[in-house]
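Chemist:
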Ligand code: BDR
Ligand code: CA
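Residue numbers (my numbering): 2 to 312.
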């Protein structure tokens with residue numbers, strides 16, 4: 002079983018990422034770390050605790066990380082995720098507390114003590130991961146790879162140039178992308194296709210189990226927001242696709258390319274500038290996801306919801 006840590010900012014699709022990992026027998030979730038992004042640090046941490054309470058996953062460590070990006074003001078996304086960060090349904094009040102250790106220290110301690118390499122799956126701004134790499138560079142030897150949701154070659158969502166996670170903390174993203182570690186970038190070019198339609202959401206609602214009956218209205222809220230803003234016909238489960246790639250490597254098809262994070266651009270802050278044609282001659286540093294097996298992804302996600310309903 003592959004050991005993983007999810008660093009996230011829940012967030013509807015972060016929640017689906019946690020669910021996919023927790024339901025899987027192919028990965029062992031060692032802990033959840035949270036970061037400010039979709040909402041404030043306080044709210045994303047609280048949401049992680051609520052999600053784990055719903056899943057009856059109280060034994061999992063949850064560590065709260067940074068409340069703001071390295072150098073920028075925090076940008077949040079209430080228009081997509083609501084004022085709570087997880088609007089659309091009532092999640093249970095947390096029955097767990099989280100651990101009394103900063104996310105960065107949890108990540109460092111877990112990696113330094115690990116007997117075998119761990120896969121990091123960041124699904125929010127990269128603040129915690131960037132700082133962990135700066136604070137204790139020796140963790141690199143125990144990171145098998147980083148499979149992150151963020152960026153895009155062609156697509157964008159928060160500005161015409163950038164994807165949200167990278168835009169929020171481009172300086173942290175630059176540290177991660179320049180780390181020399183094996184990185185898979187699961188960006189908007191594929192995650193916008195990893196969509197559950199309104200019809201899929203209705204089918205999930207019909208399952209009427211303890212998890213599906215909470216997830217369906219949450220997904221409907223998220224799908225409506227995506228429909229209003231991007232004219233999408235459903236809910237793109239960005240973050241869950243990064244987890245899917247770890248569970249079933251190859252669900253996204255990647256190309257090895259050089260990616261630089263724009264930190265200085267006037268209009269292009271946070272763009273993942275990808276050298277598709279090899280124009281720069283810079284050594285490729287990222288496996289960039291360009292295609293996705295959508296039916297297989299949907300099957301995995303709906304299978305995970307069914308499995309969690311039974312537990
Ligand atoms: C990313 O931004 C957030 O709103 C989502 O949770 C996802 O991680 C998509 O750009
Ligand atoms: Ca996220």
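From the three backbone atoms N, C-alpha and C, an ideal C-beta is built for every residue, glycine too. Computed from a predicted model, the values in this text were never measured in an experiment.
Is any heavy atom in ligand 1 found nearer than 7 Å to the beta carbon of residue 242?
Modeler: Position 241 of the chain shown holds residue 242. No, Cβ of residue 242 sits at least 7 Å from all heavy atoms of ligand 1.
Chemist: Is there at least one Cβ from chain D nearer than 8 Å to residue 302's Cβ?
Modeler: Absent from the structure is chain D; it holds one protein chain and no more.
Chemist: Given 8 Å as the limit, is there contact between the region 201-212 and the region 178-193, that is, 3 or more CB pairs closer than that?
Modeler: Counting Cβ pairs under 8 Å, fewer than three are found: no touch.
Chemist: How should residue 275 be labelled, buried or exposed, when 16 other C-beta atoms within 10 angstroms of its C-beta is the threshold for buried?
Modeler: Counting from 1 along the chain shown, the entry for residue 275 is found at position 274. Buried is the call here.
Chemist: Evaluate residue 257 with the Cβ neighbour count: other Cβ atoms within 10 Å of its Cβ, from every protein chain shown; 16 or more gives buried, anything less gives exposed.
Modeler: The count along the chain shown starts at 1 and reaches residue 257 at position 256. Per the 10 Å Cβ criterion, exposed.
Chemist: Measuring straight from C-alpha to C-alpha, what distance separates residue 254 and residue 292?
Modeler: Position 253 of the chain shown holds residue 254. Position 291 of the chain shown holds residue 292. So the alpha carbons of these two residues sit roughly 5 Å apart.
Chemist: Alpha carbon to alpha carbon, how far is residue 166 from residue 269? Give it in angstroms, no decimals.
Modeler: Here residue 269 is taken as the residue at index 268 of the chain shown, counted from 1. Here residue 166 is taken as the residue at index 165 of the chain shown, counted from 1. Whole-angstrom Cα-Cα distance: 14 Å.
Chemist: Within 10 Å of its beta-carbon, does residue 178 have 16 or more other beta-carbons around it, so buried, or fewer, so exposed?
Modeler: Start at 1 with the first residue of the chain shown, and residue 178 comes out as number 177. By the neighbour-count rule (16 or more Cβ atoms within 10 Å), residue 178 is buried.
Chemist: Taking 6 Å as the limit between beta carbons, can you name the residues of its chain near residue 79, skipping five residues before and five after?
Modeler: Here the question's residue 79 lines up with position 78 in the chain shown. Once the five neighbours on either side are set aside, residue 79 has no close Cβ partner at all.
Chemist: Compare the Cα-Cα distances from residue 157 to each of 16, 109, 168 and 30 and report the closest residue.
Modeler: In the chain shown, counting from the first residue as 1, residue 157 sits at position 156. It is 168.
Chemist: Output the distance between the C-alpha atoms of residue 314 and residue 273, rounded to the nearest integer angstrom.
Modeler: Nothing about residue 314 can be read from this structure; the chain reaches only from 2 to 312.
Chemist: Say whether the region 131-147 touches the region 94-101, bearing in mind that this needs 3 or more beta-carbon pairs closer than 8 Å, one atom from each stretch.
Modeler: In short, these stretches do not touch, since the Cβ pair count stays below three.
Chemist: Whether or not the region 66-85 and the region 38-55 are in contact is what I'm after, with contact meaning three or more pairs of Cβ atoms, one per stretch, closer than 8 Å; do they touch?
Modeler: The region 38-55 vs the region 66-85: in contact.
Chemist: Kindly indicate which residue of 60, 74, 87 and 25 has the alpha-carbon position closest to the one of residue 48.
Modeler: As a working note, residue 48 is residue 47 in the chain shown. Residue 48 has its Cα closest to that of 87, out of 60, 74, 87 and 25.
Chemist: Ends of the alpha helix (DSSP H) at residue 55?
Modeler: The residue labelled residue 55 in the question sits at position 54 within the chain shown. Element bounds for residue 55: 42-55.
Chemist: Check for me: the beta strand (DSSP E) holding residue 184 runs from which residue to which?
Modeler: Taking the first residue of the chain shown as position 1, residue 184 is located at position 183. Counting along the chain, the beta strand (DSSP E) containing residue 184 begins and ends at 184-187.
Chemist: Please say whether residue 309 and residue 215 have beta carbons closer to each other than 8 Å?
Modeler: Within the chain shown, residue 215 is the residue found at index 214, counting from 1. Within the chain shown, residue 309 is the residue found at index 308, counting from 1. Contact flag unset, no.
Chemist: At the level of alpha carbons, what is the spacing between residue 106 and residue 9?
Modeler: Here residue 106 corresponds to residue number 105 of the chain shown, with the count starting at 1. Here residue 9 corresponds to residue number 8 of the chain shown, with the count starting at 1. Between residue 106 and residue 9, the C-alpha separation is close to 16 Å.
Chemist: Could you check what DSSP says for residue 146 in three-state terms: helix, strand or coil?
Modeler: On the chain shown, position 145 is the one that residue 146 refers to. In this structure, residue 146 counts as strand in the three-state DSSP scheme.
Chemist: For residue 260 and residue 32, I'd like the C-alpha separation in whole angstroms.
Modeler: Position 259 of the chain shown, counting from 1, holds the residue named residue 260. Position 31 of the chain shown, counting from 1, holds the residue named residue 32. Spanning the two alpha carbons is a distance of roughly 29 Å.
Chemist: Mind checking who residue 123 pairs with in its DSSP beta bridge?
Modeler: Counting from 1 along the chain shown, the entry for residue 123 is found at position 122. Its beta-bridge partners are 8.
Chemist: Please classify residue 201: does DSSP put it in a helix, a strand, or coil?
Modeler: For the purposes of this step, residue 201 is taken as residue 200 along the chain shown, with counting starting at 1. Three-state result, residue 201: helix.
Chemist: Less than 7 Å separating the Cβ of residue 14 from some heavy atom of ligand 1?
Modeler: Walking along the chain shown from the start, residue 14 turns up at place 13. Answer for residue 14: yes, Cβ within range of ligand 1.
Chemist: If we ignore side chains and look at the alpha-carbon of each, how far apart do residue 210 and residue 197 end up?
Modeler: By 1-based counting over the chain shown, the position of residue 210 is 209. By 1-based counting over the chain shown, the position of residue 197 is 196. Those two C-alpha atoms are separated by around 18 Å.
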